[in-house]
Amino acid sequence: MKNNSHQSRANAAAAAQSDHLLEQQQQFSMTFEVFIMELTVPSWFHAEDKKHRTLQKNNISNAIRLSGIFHFICDIVPRDEINEEDMAHKTARGGSSGQDNTDG
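Numbering (the numbering used here), first residue to last: 230 to 333.
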């Protein structure tokens with residue numbers, strides 16, 4: 230009887246651990262889904278701005294660089310994904326060109 234009691238406690242602990250692991254996986258999945266959505270929407274705006282029908286690497290790279298939300302991954306996104314045309318487009322829209330346009 231004593232051995233059976235230990236076995237049932239061990240089974241209960243394993244079931245609780247399994248439930249906890251499943252909950253962690255679900256939370257990670259939901260977090261990652263929100264992250265992808267938050268990255269995709271601005272990327273899609275860049276794609277539409279360029280008249281692209283599909284997302285391209287440079288659309289995602291631009292969204293990361295121009296958004297304050299993704300500053301933590303700016304260092305791992307290749308800088309060469311932003312070409313001169315993209316930077317000229319940003320400047321034409323009123324973005325910073327690195328030059329001071331004030332007269333005073």
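By construction, the Cβ of each residue, glycine as well, lies at the ideal position given by its N, Cα and C atoms.
Give the secondary structure of residue i by DSSP, where H, G and I count as helix, E and B as strand, and everything else as coil.
i	result
R294	helix
L250	helix
P271	helix
K280	coil
V263	helix
Q236	helix
F299	coil
Q255	helix
A242	helix
Q285	coil
What residues in its chain sit with their C-beta under 7 angstroms from that of residue i, if we drop five residues either side in the sequence?
i	result
H275	N288, N291 and A292
Contact defined as beta carbons within less than 8 angstroms: I believe residue i pairs with residue j. What is the distance between those atoms, to the nearest angstrom?
i	j	result
E262	I298	Contact doesn't hold; Cβ gap of about 16 angstroms is too wide.
S234	P271	S234 to P271, Cβ: 58 angstroms. No contact.
Does the distance between the C-beta of residue i and the nearest non-hydrogen atom of the ligand GDP fall short of 7 angstroms?
i	result
T260	The ligand GDP is absent from the structure shown, which contains no ligands of any kind.
So, at 8 angstroms on beta carbons, what are the nonlocal neighbours of residue i in its own chain, with the 5 sequence-adjacent residues on each side left out?
i	result
W273	L284 and N288
For the pair the stretch 244–261 and the stretch 278–288, tell me if three or more CB-CB distances fall below 8 angstroms. no
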